[in-house]
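**Q** One structure is given below, represented as structure tokens, and several questions about it will come after.
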Amino acid sequence: MVPRPGHDQPGLLSDRGPADADHRGLEHAGARARLRRRDLDGRGSARRRVDRAPRPDGADVSGRGLSVALGLAHRQLTTLIKNPSLLLPPMLFPLMNFLAFAGGLSRLRHVPGFNYPGGYTAFQFVFVLLQSAAFGGVFMGFGIARDFENGFARRLLVAAPNRSGLIAGYALGALFRWSMVAAMLTIVALVAGMQIGGNGIDIFGLYGLAVIVNLVGILWASGIAMRFRTVQAAPLMQTPVFMLLFLAPVYVPLDLLQGWIHAVARVNPYTVLLEEGRGLLAGAPLHTGSAFLIAFGLVGFFLIWSLRGLRSAERAG
């Protein structure tokens, strides 16, 4: 300590001189001139240098995106385990529709021209299965909007190294939720006497088509949620999906529809998916290539829609 009246630098030590390189005689006896090793740490132990092959372009980004997606999907699963009531709306809605349509409207199977080989229960099961897949994605969109309202999604945007992984994480969460709904719906349909005419490949194609519909639903809803960032946008997420589903041959085949509903159903892309799903369940697929081409086209279109919504959320902060 230096007293306040004293000098800050009292001169007890000599001022800094030149480096010791020209001060001969200060080294240890027998020491020779040598180059300093740059791979030594402060304790004199050599640090190992591992020669690694350069990582391919985008490997680090894709790895981070996968970790973000898996982490967010794990959060969705944890939230669902802690609050099982979140599963009730997406499960009760299709179950009630199936019981109402397959039970209360079962007399429509006697309408002249209704020749679906699987019966009316199987006819309605395909519609309700695809409907549950689409609305499973929409309900996850409600959760995204809720995350923006409580600030969690904004913290994710700040912390995530690859923000595109957020969309993938929400999509995985939506797929997990819907898989439980689909399992319950399938069990109820089998108990109700649903006839399955397709083989294993046909059934795999049916559920694969439903998975794609679920992905389309979450991409559509996430684009809305990230643009508006409020739960008040929920009607905007579900109303277009509801209209698209019910402007299709829901209760009877397309050939039995008349008037303007027939004209609209013919140009509705969901009609192709619905008819193909019914054909797969009955073991008589109609236009598999066209159905999956339309499905993947919808995925590509709404993926761009969702990514632009993500950019909108990033700009809004």
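Count along the sequence shown from 1, add 1, and you get the number used in the working numbering.
Think of the CB as a built atom: it goes at the ideal place given N, C-alpha and C, for glycine as much as any other residue.
1) If I measure Cβ to Cβ from residue 62 and keep anything under 7 Å in the same chain, skipping five residues before and after, which residues do I get?
2) Mind checking residue 305: buried by the 16 CB within 10 Å criterion, or exposed?
3) Which whole runs of the alpha helix (DSSP H) in the region 117 to 196 are 4 residues long or more, in chain order?
4) Compare the Cα-Cα distances from residue 115 to each of 150, 250 and 153 and report the closest residue.
5) Could you say which of 228, 140 and 309 lies nearest to residue 243 if we only look at CA atoms?
6) Hey, is the region 126 to 136 in contact with the region 267 to 283, meaning 3+ C-beta pairs nearer than 8 Å?
7) How is residue 114 classed by DSSP in three states: helix, strand or coil?
8) Please confirm whether residue 166 and residue 67 have their CB atoms less than 8 Å apart.
9) Out of curiosity, what's the CA-to-CA distance linking residue 123 and residue 246?
10) Starting from the Cα of residue 125, find the closest Cα among 104, 293, 138 and 137 and give me that residue.
11) Find the nearest neighbour of residue 177 within the set 224, 76, 291 and 316, judged by alpha-carbon distance.
12) Please return the same chain residues whose Cβ sits closer than 6 Å to the Cβ of residue 221, not counting the five positions on each side in sequence.
13) Pick from 271, 248 and 229: whose alpha carbon is nearest that of residue 312?
14) For residue 239, which residues in the same chain have their Cβ closer than 6 Å to its Cβ, ignoring the five residues on either side in sequence?
15) For the alpha helix (DSSP H) holding residue 216, just list the boundary residues, first then last.
16) Grouping DSSP H, G and I as helix and E and B as strand, with all else coil, what is residue 1?
17) Give me, in chain order, the residues of the same chain whose beta-carbon lies closer than 7 Å to that of residue 142; leave out the 5 immediate sequence neighbours on both sides.
18) Take every Cβ of the region 179 to 191, pair it with every Cβ of the region 267 to 274, and state whether three or more of those distances are shorter than 8 Å.
19) Residues in its own chain within less than 6 Å of residue 206 by CB, not counting five upstream and five downstream?
20) Using the three-state DSSP reduction, which class does residue 315 fall into: helix, strand or coil?
21) Between which two residues does the alpha helix (DSSP H) carrying residue 245 extend?
22) With respect to the alpha helix (DSSP H) encompassing residue 271, which residues constitute its N-terminal and C-terminal limits?
23) Could you give the DSSP three-state label for residue 198: helix, strand or coil?
24) Could you check how far apart the C-beta atoms of residue 231 and residue 150 are, in whole angstroms? I think they sit under 8 Å.
25) Hey, residue 144 and residue 210 are a contact pair by Cβ (cut 8 Å); roughly how many whole angstroms apart?
26) Out of 298, 315 and 65, which one is the CA nearest neighbour of residue 170?
27) Give me the Cα-Cα distance between residue 158 and residue 86, rounded to the nearest whole angstrom.
28) How many whole angstroms separate the CB atoms of residue 135 and residue 212, which I take to be in contact at a CB cut-off of 8 Å?
29) Excluding the 5 residues preceding and the 5 following residue 264 in the sequence, name in chain order all residues of the same chain whose CB lies nearer than 6 Å to its CB.
30) Since residue 95 is in the alpha helix (DSSP H), which residue starts that stretch and which ends it?
31) Roughly how many whole angstroms lie between the Cα atoms of residue 98 and residue 109?
32) With a Cβ-Cβ cutoff of 8 Å, do residue 1 and residue 137 count as a contact?
**A** Walking through what the data contain:
1) Reliability fails at residue 62, whose pLDDT of 45 lies under 50, so the model's placement of it is uncertain and the value that follows must be treated cautiously. The residues are 163.
2) exposed
3) 120 to 150, 153 to 160 and 165 to 192
4) 250
5) 140
6) yes
7) coil
8) yes
9) 17 Å
10) 104
11) 76
12) 303
13) 229
14) 139
15) 201 to 229
16) For residue 1 there is no data in the structure shown, the boundaries of the chain being 2 and 318.
17) 219, 222, 223, 225, 226 and 238
18) no
19) 281
20) helix
21) 235 to 247
22) 270 to 283
23) coil
24) 6 Å
25) Not really, about 24 Å apart at Cβ, beyond 8 Å.
26) 65
27) 28 Å
28) Going by Cβ atoms, the distance from residue 135 to residue 212 rounds to 11 Å, so no, they are not a contact pair.
29) none
30) 89 to 100
31) 16 Å
32) Any answer about residue 1 is impossible in this case: the structure gives the chain only from 2 up to 318.
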